[in-house]
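Asker:
There are 2 protein chains.
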Amino acid sequence: MAEKDASATAALTEPRCSVARSAQLLADRWSVLIVRDAFRGVTRFSDFRSRLGIPSDILTARLNKLVESGVFERRPYRDDGGRERLGYHLTESGRALLPVLGALVQWGDTYRASEYGPSRIYRSATTGERLRVAFVTESGEVIADENVEVVAGPGEIDDVAPYRPGLAPSNP
Amino acid sequence: MAEKDASATAALTEPRCSVARSAQLLADRWSVLIVRDAFRGVTRFSDFRSRLGIPSDILTARLNKLVESGVFERRPYRDDGGRERLGYHLTESGRALLPVLGALVQWGDTYRASEYGPSRIYRSATTGERLRVAFVTESGEVIADENVEVVAGPGEIDDVAPYRPGLAPSNP
DNA sequence: ACGATGAGTTTGAAAAACAAACCTATCTCT
DNA sequence: AGAGATAGGTTTGTTTTTCAAACTCATCGT
């Protein structure tokens with residue numbers, strides 16, 4: 011209850027590393043699949059439930075967490091001859107997860123390919139061209155992964171080395 | 011042991027959806043952080059352990075899983091006056107996860123920003139320009155998320171609608 | 001009033017994660 | 001040769017989380 015507790019909690023639950031913060035929310039067996047299905051147009055509790063085969067208490071818990079963290083918002087809807095209910099819709103923040111899913115799909119299709127071929131294909135809505143996920147500069151130039159380096163930002167606490175693709179990690 | 015079992019198992023453990031396959035491997039509390047640290051140059055069991063605060067039995071299990079699935083490979087090393095040991099190094103497949111981490115960082119920095127600023131910054135190794143993750147065509151044109159659509163591929167089993175950014179998911 | 005339906009809760013059993021102690025092979029030092 | 005030291009794990013017993021199945025609750029059309 012004291013401020014000390016609040017900040018101690020924050021230190022534990024709000025790590026400085028974005029990967030850790032994002033992972034805290036998304037890195038469990040179900041959350042990613044829930045978001046994936048949301049991008050496929052699923053909004054209803056019972057649809058998530060039947061498509062994923064997820065226990066309903068877990069679904070409740072995950073949806074609550076995702077709503078609290080602003081990935082989903084609840085929006086009322088009503089079927090003909092039905093009571094008003096709440097559907098789960100991606101917010102702007104939720105829709106911004108598309109590149110995460112895109113990157114995941116791309117990796118899965120490349121390195122853990124299924125015998126059936128890709129199940130989802132990313133295309134330009136305007137030209138229909140096939141898309142992939144890549145690093146780009148602000149001026150729109152595509153940079154190959156081998157030419158990407160990762161360095162410490164202001165939030166970095168760690169004394170760890172930058173990642174440089176040429177210099178293989180630590181012990182070559 | 012019969013073929014039937016094998017394929018039934020495959021159906022359960024090797025879903026057609028790349029998101030599901032990738033998530034199966036990476037979407038747990040620790041795997042993402044292990045891979046993140048690997049990109050920061052960590053290779054040793056004890057370094058993963060002390061940096062992450064992960065129980066060692068869990069770390070063993072995760073590293074085994076990641077080695078089995080080809081994200082890491084074990085490589086022997088020897089410190090001065092030490093016995094030979096095995097380090098864990100990202101394979102090509104593991105290094106190909108960089109865009110996944112990049113996308114995750116970008117989302118976290120944007121929608122769940124820490125008060126300290128980003129902890130890791132992605133730059134061009136050649137020009138130093140700041141990078142972001144985006145969808146691009148094969149000819150290198152950057153496509154905004156709003157102009158990305160996702161359609162069923164050959165592996166799709168589902169009768170679900172394509173994702174189109176304009177047409178808000180299902181219940182607008 | 002009555003049953004149907006969607007969206008959850010509750011309950012008790014099974015699986016996974018956890019912390020801490022322990023083990024093991026090889027090294028250095030004596 | 002024997003005594004630590006150390007990295008990299010296993011083992012053990014407890015706590016959390018997940019799971020499946022049953023149950024509740026509010027509201028609808030009949």
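Residue numbers (my numbering), protein chains in the order written: chain Z, 11 to 182; chain S, 11 to 182.
Every residue, glycine too, gets a C-beta built ideally from N, C-alpha and C.
None of these values were measured; they are calculated from a predicted model.
1) Just how far apart, CA to CA, sit S/Glu156 and S/Thr147?
2) Have a look at S/Val152 and S/Asn74 and give me their C-alpha separation to the nearest angstrom.
3) Is Z/Ser129 closer than 8 angstroms to S/Glu166 when the C-beta atoms are compared?
4) Tell me, to the nearest whole angstrom, how far the beta carbon of S/Ser32 is from that of Z/Trp40; I am working on the premise that it is less than 8 angstroms.
5) Report yes or no: is there a C-beta of chain Z within less than 8 angstroms of the C-beta of S/Asn157?
6) Using a Cβ cut-off of 7 angstroms, pull out every chain S residue sitting near Z/Thr136, in sequence order please.
7) How close, in whole Å, do the beta carbons of S/Ser28 and Z/Asp47 come, if the pair is a contact with beta carbons under 8 angstroms?
8) What's the gap between the Cα of Z/Leu96 and the Cα of Z/Arg54?
9) For Z/Asp90, would you say it is in contact with chain S, using Cβ-to-Cβ distances shorter than 8 angstroms as the test?
10) Under 7 angstroms between beta-carbons, which chain S residues line up against Z/Ala71? List them in chain order, please.
11) Would you say S/Leu96 reaches chain Z, if we count a Cβ-Cβ gap shorter than 8 angstroms as a contact?
12) Could you name the residues of chain S that Z/Leu108 contacts, counting a contact when the two beta carbons are closer than 7 angstroms?
13) Which runs of the alpha helix (DSSP H) fall wholly inside the stretch 72 to 143 of chain S and span at least 4 residues, in chain order?
14) Nearest-angstrom Cα distance between Z/Leu36 and Z/Tyr87?
15) Do you know offhand how far S/Ser124's Cα is from Z/Arg26's?
16) So, helix, strand or coil for Z/Trp53, using DSSP?
17) Looking at Z/Gly163: is its Cβ nearer than 8 angstroms to the Cβ of S/Gly127?
18) Cα separation between Z/Ser56 and Z/His99?
19) List, in order along the chain, the chain Z residues whose C-beta lies closer than 8 angstroms to that of S/Thr38?
20) Residues bridged to S/Thr70 by DSSP?
21) Kindly indicate the opening and closing residues of the alpha helix (DSSP H) around Z/Ala33.
22) In the stretch 142 to 154 of chain Z, which residues sit with their C-beta less than 7 angstroms from some C-beta in chain S, listed in chain order?
23) How is Z/Ala162 classed by DSSP in three states: helix, strand or coil?
24) Show which residues of chain Z have a CB atom less than 7 angstroms away from the CB atom of S/Leu76.
25) Got a sec: is the Cβ-Cβ distance from Z/Arg31 to anything in chain S below 8 angstroms?
26) Does Z/Asp89 pass the burial test, meaning 16 or more other C-beta atoms within 10 Å, or should it be called exposed?
27) Taking the C-alpha atoms as reference points, what is the distance between S/Phe145 and Z/Ser149?
28) Please identify the residue among S/Thr137, S/Arg174, S/Val161 and S/Tyr121 whose C-alpha is closest to the C-alpha of S/Ala154.
29) For S/Ile153, does the three-state DSSP call read helix, strand or coil?
30) Residues of chain S with CB under 8 angstroms from Z/Asp119, in chain order?
Answerer: According to the structure data:
1) 14 angstroms
2) 38 angstroms
3) yes
4) Between Z/Trp40 and S/Ser32 the Cβ distance is about 14 angstroms, and since that is not below 8 angstroms, they are no contact.
5) yes
6) Asn157
7) In fact, because the Cβ distance is near 14 angstroms, the residues do not count as touching under 8 angstroms.
8) 8 angstroms
9) no
10) None at all; the shortest Cβ gap to chain S is about 15 angstroms.
11) no
12) Asp155 and Val158
13) 102 to 105 and 108 to 121
14) 26 angstroms
15) 6 angstroms
16) For the sequence presented, residue 53 of chain Z should be read as Thr rather than Trp. If DSSP states are grouped into helix, strand and coil, Z/Thr53 belongs with coil.
17) yes
18) 14 angstroms
19) Before going on, a small fix: residue 38 of chain S reads as Asp here, not Thr. Simply Ala37, Asp38 and Arg39.
20) Beta-bridge pairing links S/Thr70 to no other residue.
21) Ser28 to Leu36
22) Arg142, Val143, Ala144, Phe145, Val146, Thr147, Glu148, Gly150, Val152 and Ile153
23) strand
24) Those within 7 angstroms of S/Leu76 in chain Z number zero; the least Cβ separation is about 12 angstroms.
25) yes
26) exposed
27) 14 angstroms
28) S/Arg174
29) strand
30) Ser28
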